[in-house]
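**Student:**
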Ligand code: FES
Ligand code: FES
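In structure tokens:
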């Protein structure tokens, strides 16, 4: 067993874990942050994506015990305030960018990262490429891409239709 201390969603969290504990298991089973999902056992689906020190990471591929003490982790639970959804969450809602919603937490965390990495602007083609690590088994992606375009605009990043493509 190993004692670890992490900064999760701005709060210091202590835990005693087995060395083999995956970060996603720590978040869900020990810390009760069940917004982060497990959608596969092959590190392909992206349902488990969280932010570690500002980088999006598949939390099913990280051994929690390997994280240095004090590592900052942000999960989907960090985004909304008591008054309002994050603009990207709001856009997913307005664009009906989910059906079962299983993939949505990972997609929203990834979408915000896409916006941050591309301040000069987004196109649907760029979003498609950036979403290669996130699988949605329900929606067909059109509404997800529309939502990310809308969320990006709400976050102050310009959006442009790709050549020959309607937004
Ligand atoms: S549960 Fe992590 S990639 Fe699928
Ligand atoms: S909405 Fe069901 S997997 Fe994406």
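In the working numbering, the protein residues as written are 232 to 398.
Glycine included, every Cβ here is placed at the ideal spot set by N, Cα and C.
If you're wondering where the values come from, they're calculated on a predicted model, not measured in any experiment.
Can you round the beta-carbon distance between residue 274 and residue 292 to whole angstroms, since I take them to be within the 8 Å contact cut?
**Tutor:** The residue given as residue 274 occupies position 43 in the chain shown. The residue given as residue 292 occupies position 61 in the chain shown. At roughly 5 Å, the Cβ-Cβ gap stays under 8 Å, so residue 274 and residue 292 are in contact.
**Student:** Flag this pair as touching only if the segment 367-386 and the segment 322-333 have three or more C-beta atom pairs under 8 Å; answer yes or no.
**Tutor:** Output reads yes: the segment 322-333 touches the segment 367-386.
**Student:** Between which two residues does the beta strand (DSSP E) carrying residue 242 extend?
**Tutor:** Indexing the chain shown from 1 puts residue 242 at position 11. It spans 242-248 - the beta strand (DSSP E) in which residue 242 sits, taken as one unbroken run.
**Student:** Using the DSSP secondary-structure output, state which residues sit across from residue 347 in a beta bridge.
**Tutor:** Against the chain shown, residue 347 aligns to sequence position 116. None; residue 347 has no bridge partner.
**Student:** Assign residue 192 to one of two classes, buried (16 or more other C-beta atoms within 10 Å of its C-beta) or exposed (fewer than that).
**Tutor:** Residue 192 lies beyond the range of the chain shown here (232 to 398); nothing can be said about it.
**Student:** Alpha carbon to alpha carbon, how far is residue 267 from residue 236? Give it in angstroms, no decimals.
**Tutor:** Counted from its first residue, the chain shown places residue 236 at position 5. Counted from its first residue, the chain shown places residue 267 at position 36. Their Cα atoms are separated by approximately 19 Å.
**Student:** Give me, in chain order, the residues of the same chain whose beta-carbon lies closer than 6 Å to that of residue 344; leave out the 5 immediate sequence neighbours on both sides.
**Tutor:** If you number the chain shown from 1, residue 344 lands on position 113. Closer than 6 Å at the Cβ level, and outside the excluded window around residue 344, lie 287.
**Student:** Any heavy atom of ligand 1 closer than 7 Å to the CB of residue 274?
**Tutor:** Reading the chain shown from its first residue, position 43 is the one you call residue 274. Correct: residue 274 has its Cβ closer than 7 Å to ligand 1.
**Student:** Return the Cβ separation of residue 276 and residue 331 in integer angstroms, given the expectation that the two are a contact with Cβ distance under 8 Å.
**Tutor:** For this step, residue 276 is matched to residue 45 along the chain shown. For this step, residue 331 is matched to residue 100 along the chain shown. Contact doesn't hold; Cβ gap of about 13 Å is too wide.
**Student:** Run through DSSP, which three-state label would residue 286 get?
**Tutor:** For this step, residue 286 is matched to residue 55 along the chain shown. Looking at residue 286 - three-state DSSP - the assignment turns out to be strand.
**Student:** If residue 341 sits next to residue 280, beta carbons under 8 Å apart, how far is it from one beta carbon to the other, in whole angstroms?
**Tutor:** Here residue 341 is taken as the residue at index 110 of the chain shown, counted from 1. Here residue 280 is taken as the residue at index 49 of the chain shown, counted from 1. About 5 Å; that satisfies the 8 Å criterion.
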